[in-house]
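This report refers to the structure that appears directly beneath it.
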Amino acid sequence: MSDEAVLSARIAAIMREDRGRLVAALIRALGSFDMAEDALQDASERALVHWARNGIPARPDAWLLQVARRAAIDRIRKAQRHAAASPEVLRLMEEDEADRAMDAPEIPDERLRLIFTCCHPALEEKTRVALTLRTVGGLTTREIARAFLDSEPAMGQRLSRARAKISAAAIPFVVPERADWDQRLNSVLSVIYLIFNEGWTAGPGEEPIRTGLCDEAIWLARLMTGLASGEPEIEGLLALMLIAHARHAARFDPGGGMIPLEEQDRANWDAGLVDEGLALLDVAVARRLPGPFQLQAAIGALHVQAERPEATDWAQILLLYDRLLALAPSPIVALNRAVAMAETGALERARREMAALAGALAGYQPFHAATAELARRAGDAEVARAAYAEAIRLSQSESERAWLQARADDLADSRRM
Amino acid sequence: MQYLALIYAEDGAGPQYDTPEFGAMMQGYANANKAFQAAGVMRGGEALQHTSTATSLRIRDGKTETMDGPFAETKERLGGFYLLDCKDLDQAIEMASLIPSAQFGTIELRPVMEINLPE
Chain F
641 MSDEAVLSAR IAAIMREDRG RLVAALIRAL GSFDMAEDAL QDASERALVH WARNGIPARP
701 DAWLLQVARR AAIDRIRKAQ RHAAASPEVL RLMEEDEADR AMDAPEIPDE RLRLIFTCCH
761 PALEEKTRVA LTLRTVGGLT TREIARAFLD SEPAMGQRLS RARAKISAAA IPFVVPERAD
821 WDQRLNSVLS VIYLIFNEGW TAGPGEEPIR TGLCDEAIWL ARLMTGLASG EPEIEGLLAL
881 MLIAHARHAA RFDPGGGMIP LEEQDRANWD AGLVDEGLAL LDVAVARRLP GPFQLQAAIG
941 ALHVQAERPE ATDWAQILLL YDRLLALAPS PIVALNRAVA MAETGALERA RREMAALAGA
1001 LAGYQPFHAA TAELARRAGD AEVARAAYAE AIRLSQSESE RAWLQARADD LADSRRM
Chain V
103 MQYLALIYAE DGAGPQYDTP EFGAMMQGYA NANKAFQAAG VMRGGEALQH TSTATSLRIR
163 DGKTETMDGP FAETKERLGG FYLLDCKDLD QAIEMASLIP SAQFGTIELR PVMEINLPE
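Residue numbers (the numbering used here), protein chains in the order written: chain F, 641 to 1057; chain V, 103 to 221.
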């Protein structure tokens, strides 16, 4: 690598690590997402020039913040002739003075405000996801575009429209008040879980950045536990993702084929992640404020705690689904509950409850896959065949299609026998 | 920041005139007005007559053309508005959620653009 390439890799790494803190500090001072992003962009470009000449400073983050502040002052002055007295410029200059007086300036961590702003319900869900990854996670626009199978210009446009809306509509840069806290926290946690699920559904043949989304989501949830401690739903979400992610290596065979949970080699599960997830779930549950993420984590825990698939405590899982359905009713929860019910032995009742969801879940691939599985068990080959076909049609992943096809073929074989 | 709260609802949605529910809705509007005044955000607001009374106009080739009816024929019709001066979007959402028509229609919040016109 050339010196310049080494340096830009180093700057990229620093930006990746410190971006959220720096952007948050700048937004706080500037009152504008757009201007903060532009200023930080200016600073990272200048870093490339200055650091090549003088080496990397002792505190690259403080250097970047200082240069970004001055770049922002320049931009404001250029834009408005009488900006010398503007409150933003005065504030930036004050902060600049204060930092210069210190050897190791403290960069206040405003990332909690930042996350809540990025996940504001006035933004479209996909935009919340993209903005969080870009601003808090420090992924590049290109990486996010790849991760969500979108074009880079389209993703860039989405991000700049979002930043413009935050400014124009005055979406506040604040941590929500107690009255709104639960709902707004849930919006943040949903965004993080969406990021995780996007990574989870990516097959082994896909771009590493897609599977990397699982790590990204776990990183964000860890950050949240640090920024807002004592929130059992944050801990629940983190536990849920750790327990799921522990099974990552066991989910695909060497050829990239999908291995369902009950056929996975449990020795391939990451015991460290499982233990961390279980311990975290204990901490969350001890707070006695149950919530949907804690319940889902508890269900995941029962799956990984079983030594063999047959030893899974389905009766307990069904109870947890009952509670989840009461707390956060949705057709998808009802579907999973029906699957658990079938496992407890109530196959026909489970099939009836599942059939009642056909309208709501017509376009949801797992519904058809589960319908097919239960029909197979009930010996209803006709229904099973049609449902497998529909599941294959709706599947987004090559390895999943292959697995479903094998199940459907197996059905045809057993009929011949 | 000023926000225009545009109140949209389908014809026939919401309570019928001369029913107790209609009375409750009007009371709800009176309450909303009082809450906006008390919060110091009220800059104005009116109910509009039905879109069948609307006239649209445009000037083409220097000639004023008028049309009977609203600019866009949609199922949800603009039935009224408030102009609210709020500290941020969160406060605007909190205020707009007091508008009774939000129960059966939709309130669109649009930030007002600040422009400087030439003298």
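Just so you know, even glycine gets a beta-carbon here, dropped at the ideal spot from N, CA and C.
For F/G671, which of F/G896, F/A890 and F/L730 has the nearest alpha-carbon?
F/L730
Compare the C-beta of V/L186 with all C-beta atoms of chain F and state if any pair is closer than 8 angstroms.
no
Among F/A884, F/M655 and F/A665, which one has its Cα closest to the Cα of F/R774?
F/M655
Do we get a CB-CB distance below 8 angstroms when we pair V/P220 with the residues of chain F?
no
Is there a Cβ of chain F sitting closer than 8 angstroms to that of V/M103, yes or no?
yes
Which residues share a DSSP beta bridge with F/A961?
Per the sequence shown, residue 961 of chain F should be read as Tyr rather than Ala. Beta-bridge pairing links F/Y961 to no other residue.
With contact counted as at least three CB pairs below 8 angstroms, one residue from each stretch, are the region 889-907 of chain F and the region 915-933 of chain F in contact?
no
Which whole-angstrom value describes the C-beta separation of F/R753 and F/V828, a residue pair presumed to lie in contact below a C-beta threshold of 8 angstroms?
So it is not a contact: roughly 11 angstroms between Cβ atoms.
Let me know the secondary structure DSSP gives V/S203 once reduced to three states.
helix
Among residues of its own chain, excluding the 5 on either side of F/L987, which ones have a beta-carbon nearer than 7 angstroms to its beta-carbon?
L1014, R1017 and A1018
Cutting at 7 angstroms between CB atoms, please list the residues of its own chain near F/V776, excluding the five before and the five after it.
G660, R751, L754, I755, C758 and L860
Residues, ordered as in the chain, of the region 795-821 of chain F that lie near chain V by beta-carbon distance below 7 angstroms:
A808, A809, A810, I811 and P812
Member of F/L647, F/S1039 and F/R906 whose CA lies at the smallest distance from the CA of F/G845:
F/S1039
Spatial neighbours of F/L1001 within its chain, please: C-beta separation below 8 angstroms, excluding the five flanking residues on both sides.
P971, I972, L975 and F1007
Below 8 angstroms on the Cβ atoms is my contact criterion, and I expect F/L964 with F/P932 to pass it. Report the Cβ-Cβ distance as a whole number of Å.
6 angstroms
When you compare the CB positions of F/I858 and F/L878, do they come within less than 8 angstroms of one another, or not?
yes
Go through the region 122-207 of chain V residue by residue and report every complete run of the beta strand (DSSP E) that reaches 3 residues or more, in order.
144-149, 157-162, 165-170 and 178-187
Reference F/F1058; option with closest CA among F/A649, F/N694, F/D714 and F/A808
Since the first and last residues shown for chain F are 641 and 1057, residue 1058 of chain F lies out of range.
Tell me V/E210's beta-bridge partners as DSSP assigns them.
V/L108
Whole-number beta carbon distance between V/A149 and V/F206, since they are thought to touch under 8 angstroms
Their Cβ separation, rounded to whole angstroms, is 15 angstroms, which puts V/F206 and V/A149 out of contact at 8 angstroms.
Proximity test, Cβ basis, 8 angstroms: F/A762 and chain V
yes
Nearest chain F C-beta to V/L191 closer than 8 angstroms, yes or no?
yes
Using a 10 Å radius around the Cβ and a threshold of 16 neighbouring Cβ atoms, would you call V/H152 buried or exposed?
exposed
Which same chain residues end up closer than 6 angstroms to V/E210 when comparing Cβ atoms and leaving out the 5 residues on each side of it in sequence?
L108
Along the region 206-219 of chain V, what residues have a CB closer than 9 angstroms to any CB found in chain F?
L211, R212, P213 and M215
Where V/M103 and V/K189 are concerned, what is the direct C-alpha to C-alpha distance, given to the nearest angstrom?
6 angstroms
Flag this pair as yes or no: are the beta carbons of F/A762 and F/I849 separated by less than 8 angstroms?
no
In three-state terms, what does DSSP make of F/F788?
coil
Kindly indicate which three-state DSSP category F/F673 falls into: helix, strand or coil?
helix
Under 8 angstroms by Cβ, that's how I've got F/L688 and F/L662 pegged, so tell me the actual separation to the nearest angstrom.
F/L688 to F/L662, Cβ: 16 angstroms. No contact.
Beta carbon of V/R179 nearer than 8 angstroms to that of V/Y105
no
According to DSSP, is V/M215 helix, strand or coil?
coil
What is the rounded straight-line gap between the Cα of V/G138 and the Cα of V/M197?
Residue 138 of chain V is actually Phe in this sequence, not Gly. So the two alpha carbons sit approximately 7 angstroms from each other.
Burial state of V/M128, where buried means 16 or more other Cβ atoms lie within 10 Å
exposed
Restricting to Cα atoms, I'd like to know which of F/G917, F/A968 and F/D962 is closest to F/Q945.
F/G917
Ordered along the chain, which non-local residues of its own chain (more than five positions away) have a Cβ less than 6 angstroms from that of F/A968?
P932
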